[in-house]
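Q:
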Amino acid sequence: MSSVYFRLVKNLFSLAREHKPSIIFIDEIDSLCSTRSDNESESARRIKTEFLVQMQGVSNDTEGILVLGATNIPWILDAGIRRRFEKRIYIPLPEKAARKEIFKIHILNTPHSLTEQDFRILAEKTEGYSGADISVVVRDALMQPVRKVQTATHFKRVSGPSRKNPEVIENDLLTPCSPGDPNAIPMSWLEVPSDKLLEPVVSMSDMLRSLANSKPTVNEEDLGKLRKFTEDFGQEG
Numbered sequence: 001m002s003s004v005y006f007r008l009v010k011n012l013f014s015l016a017r018e019h020k021p022s023i024i025f026i027d028e029i030d031s032l033c034s035t036r037s038d039n040e041s042e043s044a045r046r047i048k049t050e051f052l053v054q055m056q057g058v059s060n061d062t063e064g065i066l067v068l069g070a071t072n073i074p075w076i077l078d079a080g081i082r083r084r085f086e087k088r089i090y091i092p093l094p095e096k097a098a099r100k101e102i103f104k105i106h107i108l109n110t111p112h113s114l115t116e117q118d119f120r121i122l123a124e125k126t127e128g129y130s131g132a133d134i135s136v137v138v139r140d141a142l143m144q145p146v147r148k149v150q151t152a153t154h155f156k157r158v159s160g161p162s163r164k165n166p167e168v169i170e171n172d173l174l175t176p177c178s179p180g181d182p183n184a185i186p187m188s189w190l191e192v193p194s195d196k197l198l199e200p201v202v203s204m205s206d207m208l209r210s211l212a213n214s215k216p217t218v219n220e221e222d223l224g225k226l227r228k229f230t231e232d233f234g235q236e237g
């Protein structure tokens, strides 16, 4: 198996040279190129050595090949690997304006009732969240309408776009409602014809519910290490 990975590293750079200009992007590069240790396996050592050799080749022939690596824990990178990357750029956590845009990007074309003010509030409430953290919050919120449908004990008839043709408005669609709604009909989602179901849109309450169950994955200790690494070896992005 080690020989397979060894060849994959070599073939990756060979392919990049054949098709240059090209970009090689390695996410979580720390999993491939962490600091060497005495208990490191021979296969891991060979892969790391081959990567160093290939990176040296890129350094000697800089025309047309760009190698990018991303990591949240740069301090565990092998020193030799770290030196091969000429620039080490720290990308900080997104600020409020960026967080607002990230929420918008992830909810994209999903039907929702969120306003500009709602997005501003979400951005304010997610100080310290990474882009990946926000994507998890939105992904969970997008499931809230499905959960409402699956757990509903009552539905009511409403008007809405036809599932077969969104340009046609139907007046006999069914959507979840509370048992106290004057138009509530006792039934489960299994009793609703698939072409008559109108799922609720994602709401601000859905987003806040998902946010209440989430936490940022980056802590202050990690941020301190990132700042220290940037002071020693890198630059601000």
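By full-length UniProt numbering, the letter at position 186 of the sequence shown is numbered 186, and the numbering carries on one by one without gaps.
Glycine residues also receive a C-beta, built at the ideal position from the N, C-alpha and C atoms.
Note that the coordinates shown come from a computational prediction; the quantities given were computed from them, not determined experimentally.
What would DSSP say about D27, mapped onto helix, strand or coil?
A: To locate residue 27, count along the sequence shown from 1; it is residue 27. DSSP places D27 in strand when its eight states are reduced to three.
Q: Within 10 angstroms of the Cβ of Q235, are there 16 or more other Cβ atoms? Answer buried if so, exposed if not.
A: By 1-based counting over the sequence shown, the position of residue 235 is 235. Classification for Q235: exposed.
Q: Quick one, are the C-beta atoms of A123 and S210 less than 7 angstroms apart?
A: Position 123 of the sequence shown, counting from 1, holds the residue named residue 123. Position 210 of the sequence shown, counting from 1, holds the residue named residue 210. Going by C-beta atoms, A123 is not nearer than 7 angstroms to S210.
Q: So, for M1: in the same chain, excluding its five sequence neighbours on each side, which residues have a beta-carbon less than 6 angstroms away from its beta-carbon?
A: Position 1 of the sequence shown, counting from 1, holds the residue named residue 1. With a pLDDT of 47 at M1, under the threshold of 50, the predicted position of this residue should be treated as unreliable, and no value is reported.
Q: Can you tell me which residues form a DSSP beta bridge with R157?
A: By 1-based counting over the sequence shown, the position of residue 157 is 157. R157 pairs with L174.
Q: Using the Cβ count rule (16 or more neighbours within 10 Å means buried), how would you classify D181?
A: Taking the sequence shown and counting its residues from 1, one reaches residue 181 at position 181. So D181 counts as exposed.
Q: Hey, is the stretch 199-219 in contact with the stretch 129-139, meaning 3+ C-beta pairs nearer than 8 angstroms?
A: yes
Q: Go ahead and label K54 buried or exposed: buried means 16 or more other beta carbons lie within 10 angstroms of its beta carbon, across all protein chains shown.
A: As a position in the sequence shown, residue 54 is number 54, starting the count at 1. This sequence places Gln at residue 54; Lys is not what is there. Counting Cβ neighbours within 10 Å, Q54 comes out buried, since at least 16 surround it.
Q: Indicate whether residue 278 and L174 have their beta-carbon atoms separated by less than 7 angstroms.
A: With the chain covering 1 to 237 only, the question about residue 278 has no answer from this structure.
Q: Going by DSSP in three states, M1 sits in which element: helix, strand or coil?
A: As a position in the sequence shown, residue 1 is number 1, starting the count at 1. Residue placement at M1 is flagged as unreliable, the pLDDT there being 47, under the threshold of 50; the coordinate-derived value follows with that caveat. Three-state result, M1: coil.
Q: Straight-line CA distance for K96 to S113?
A: What you label residue 96 is simply residue 96 of the sequence shown in a count that begins at 1. What you label residue 113 is simply residue 113 of the sequence shown in a count that begins at 1. Going from the Cα of K96 to the Cα of S113 covers about 21 angstroms.
Q: Quick one: grab the DSSP three-state call for P200.
A: In the sequence shown, counting from the first residue as 1, residue 200 sits at position 200. Three-state result, P200: coil.
Q: According to DSSP, what are the bridge partners of A70?
A: Along the sequence shown, read from residue 1 onward, the residue named residue 70 stands at position 70. D27.
Q: Is the Cβ-Cβ distance between F85 and F103 less than 7 angstroms?
A: Taking the sequence shown and counting its residues from 1, the one referred to as residue 85 is at position 85. Taking the sequence shown and counting its residues from 1, the one referred to as residue 103 is at position 103. Contact: no.
Q: For the alpha helix (DSSP H) containing F103, name the first residue and the last one.
A: Indexing the sequence shown from 1 puts residue 103 at position 103. It spans K96 to I107 - the alpha helix (DSSP H) in which F103 sits, taken as one unbroken run.
Q: If we ignore side chains and look at the alpha-carbon of each, how far apart do S34 and I121 end up?
A: Taking the sequence shown and counting its residues from 1, one reaches residue 34 at position 34. Taking the sequence shown and counting its residues from 1, one reaches residue 121 at position 121. Whole-angstrom Cα-Cα distance: 39 angstroms.
Q: Going by DSSP, what residue range makes up the alpha helix (DSSP H) through F119?
A: On the sequence shown, residue 119 is found 119 positions in, with the first residue counted as 1. First-last of the alpha helix (DSSP H) with F119: E116 to K125.
Q: Quick one: residues in its chain with C-beta nearer than 7 angstroms to the C-beta of I134, no 5 flanking neighbours on either side, listed in chain order?
A: Stepping through the sequence shown from its first residue, residue 134 is reached at position 134. Hits under 7 angstroms: R99, I102, F103, H106 and T126.
Q: By the 10 Å Cβ neighbour count, where 16 or more other Cβ atoms means buried, how is F25 classified, buried or exposed?
A: Indexing the sequence shown from 1 puts residue 25 at position 25. With a 10 Å radius around the Cβ and a threshold of 16 neighbouring Cβ atoms, F25 comes out exposed.
Q: Give a yes or no on whether the minimum CB-CB distance between L211 and chain D is below 7 angstroms.
A: Considering every chain present, this structure includes no chain D. It has just one protein chain.
Q: For S34, which of helix, strand or coil comes out of DSSP?
A: The residue given as residue 34 occupies position 34 in the sequence shown. Reduced to three states, the DSSP call for S34 is strand.
Q: Looking at the structure shown, is S113 part of a helix, part of a strand, or coil, going by DSSP?
A: Walking along the sequence shown from the start, residue 113 turns up at place 113. Here S113 sits in coil by DSSP.
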